[in-house]
Amino acid sequence: MVKHNTQKTFTREYNALGKPLALLGFENIESTTVCSEASNYSCVVTNKAYMPFDTQVKKDTAVDVADKLSSQLQFQGWTQREDQELQVKQWFKDVLSGKDWYPDAYAYKQVANTYCTLDFFVAYANPSTPAIQAVYECSNPATAPFGKFPLKMRQK
């Protein structure tokens, strides 16, 4: 049941955001589902992709889509970093215009016992072509550690 609920939430939230990795132009999106049993049973469903933004068209499209995605994250109840320049919209604009070191653009949402994250990070160093790694993931432990989910995880 945990696996099914995690996959269901993963798909529902990903679709509600408009399938953001594909919209941003990421290709070869790797999807995995991993469930394990240790002190509790948990499942993690992940989409991840890497993409060099080697043309101006790719950059312009990604900046435009990131603007819409930022609004959709807010509309769908996701929490982004408080710092404006680290929110998805501004982050893509800055990174794709040449800023070569930047903290992650990160958003999260908790749906019942499932914790979903969307994380973008710089995967290159200047003067190379800008490249971004994207990870969208939902995890569902049967019981949360210490009775709480880490809602402030990686916030600062």
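Residues 782 to 937 (the numbering used here) make up the sequence shown, in order. Virtual Cβ for every residue (Gly too), placed ideally from N, Cα, C.
Could you tell me the alpha carbon to alpha carbon distance between residue i and residue j, rounded to whole angstroms?
i, j, result
"F902", "A830", "11 Å"
"T836", "M782", "44 Å"
"E794", "G806", "19 Å"
"N786", "Q861", "24 Å"
"T898", "I913", "16 Å"
"Q788", "L804", "20 Å"
"Y889", "W859", "5 Å"
"Q855", "L798", "10 Å"
"P801", "N821", "31 Å"
"Q857", "S817", "29 Å"
Ordered along the chain, which non-local residues of its own chain (more than five positions away) have a Cβ less than 6 Å from that of residue i?
i, result
"T814", "V826"
"A847", "V869, K870 and F873"
"P833", "T910 and A912"
"D900", "D885, Y887 and V916"
"T790", "V892, T895 and C919"
Near residue i, which residues of its chain fall below 7 Å by C-beta distance, leaving aside the five closest residues on each side in sequence?
i, result
"N809", "A830"
"T792", "none"
"W905", "Per the sequence presented here, residue 905 reads as Tyr, with Trp not at that position. Counting only Cβ-Cβ distances below 7 Å, and skipping sequence neighbours, we find P911 and A912."
Please classify residue i as buried or exposed, where buried requires at least 16 other C-beta atoms within 10 Å of its C-beta.
i, result
"A915", "buried"
"S920", "buried"
"A819", "exposed"
"P882", "Strictly speaking, residue 882 in this sequence is Trp, with Pro absent from that position. Looking at its Cβ environment, which holds fewer than 16 other Cβ atoms inside 10 Å, W882 is exposed."
If you measure between the beta carbons of residue i and residue j, is that distance less than 7 Å?
i, j, result
"A886", "L867", "yes"
"L877", "K840", "yes"
"S851", "P922", "no"
Whole-angstrom Cβ separation of residue i and residue j, contact assumed at under 8 Å?
i, j, result
"N828", "S812", "5 Å"
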